[in-house]
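**Student:**
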Amino acid sequence: MQGCVNYFIRYAGRPAMAENRITEYNKESKTVSWFYNDHKDEKRHNVTDNVIDFINRLIIHIPDYHFLTTRYYGFYANASKKTLDKVHALLGIKKNKDYSRETRKKLKNRLNKFRYRTHLIDSFNREPIQCKCKATMLYTYTYNPLENTKNNRTYRKRCIDEMPKMRLRRRST
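Set out below in structure tokens:
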């Protein structure tokens, strides 16, 4: 029973129905009023249900435990992007944007380089790559002290042991 309850609680974070579709909950009469838009006649239908009936209608949409759902298939699936690119090439259709894996990877790498910089600008209103003389510094290399050491553990231990020595003592006033 507890496992079943935990499974239903998990779907409370991503319910089968949006909360804004519930228009009213009456505690005295134990009814829930909600609406849905019918795709056949494109009209809004208002429904008032008993609380138990409402919950029973919602539970139907929760998939069984370990039930795999397919969100995208065919050309919409991520695995068929290469096939879709070939179809576009054969039909002569020009895509508005290039969504290839190589392009996404280049864009992600470019964004990662600016992440540190933009976070510092947003947080502290300070440009990290600007010198005091207002010139923009150029990144050349990153120094990794553990790169050429044979035993990284000893180096880390030595650094950790030196940390208390490096702390500044507070002045007593």
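Terminal number for the sequence shown in my numbering: 1074, no gaps in between. Heads up, the beta-carbon is just placed ideally off N, CA and C, and yes, glycines get one too.
(1) At what residue ranges does the region 918–1006 contain a whole run of the alpha helix (DSSP H), taking only runs of 4 or more?
(2) State the beta-bridge partners of threonine 1037 as determined by DSSP.
(3) Okay, do the region 984–994 and the region 954–968 touch, 3+ Cβ pairs below 8 angstroms being the bar?
(4) Mapping DSSP to helix, strand and coil, what is tyrosine 1056?
(5) If you count every other CB in all the chains shown that lies within 10 Å of the CB of phenylalanine 1025, and 16 or more means buried, which is it?
(6) Identify, in the order they occur along the chain, each residue of the same chain with its Cβ nearer than 8 angstroms to the Cβ of tyrosine 1017, setting aside the five sequence neighbours on each side.
(7) Would arginine 959 and alanine 919 be called neighbours here (beta carbons separated by less than 7 angstroms)?
(8) Using 8 angstroms for Cβ pairs, my map puts arginine 945 next to phenylalanine 936. What's the rounded Cβ distance?
(9) Taking the alpha-carbon positions, what's the glutamate 928 to aspartate 950 distance?
(10) Spatial neighbours of isoleucine 1022 within its chain, please: CB distance less than 7 angstroms, with the 5 preceding and 5 following residues excluded, ordered by chain position.
(11) At the level of alpha carbons, what is the spacing between serine 934 and glycine 975?
**Tutor:** So, to answer that:
(1) Contiguous alpha helix (DSSP H) elements confined to the region 918–1006 occur at 952–960, 982–992, taking only those with 4 or more residues.
(2) DSSP lists Gln1031 as partners of threonine 1037.
(3) Flag = no, the region 984–994 and the region 954–968 do not touch.
(4) DSSP places tyrosine 1056 in helix when its eight states are reduced to three.
(5) With fewer than 16 other CB atoms across the displayed protein chains lying within 10 angstroms of its CB, phenylalanine 1025 is exposed.
(6) So the qualifying residues of the chain are Pro1029.
(7) Reading the sequence as shown, one finds leucine at residue 959 and not arginine. No, the pair does not count as a contact, with Cβ atoms beyond the cut-off.
(8) Rounded, the Cβ-Cβ distance is 6 angstroms, consistent with contact.
(9) First, the amino acid is wrong: residue 928 is lysine here, not glutamate. Going from the Cα of lysine 928 to the Cα of aspartate 950 covers about 12 angstroms.
(10) Beyond the five residues adjoining it in sequence on each side, isoleucine 1022 comes within less than 7 angstroms, by CB distance, of Glu1028 in the same chain, given in chain order.
(11) The straight-line gap from Cα to Cα measures roughly 38 angstroms.
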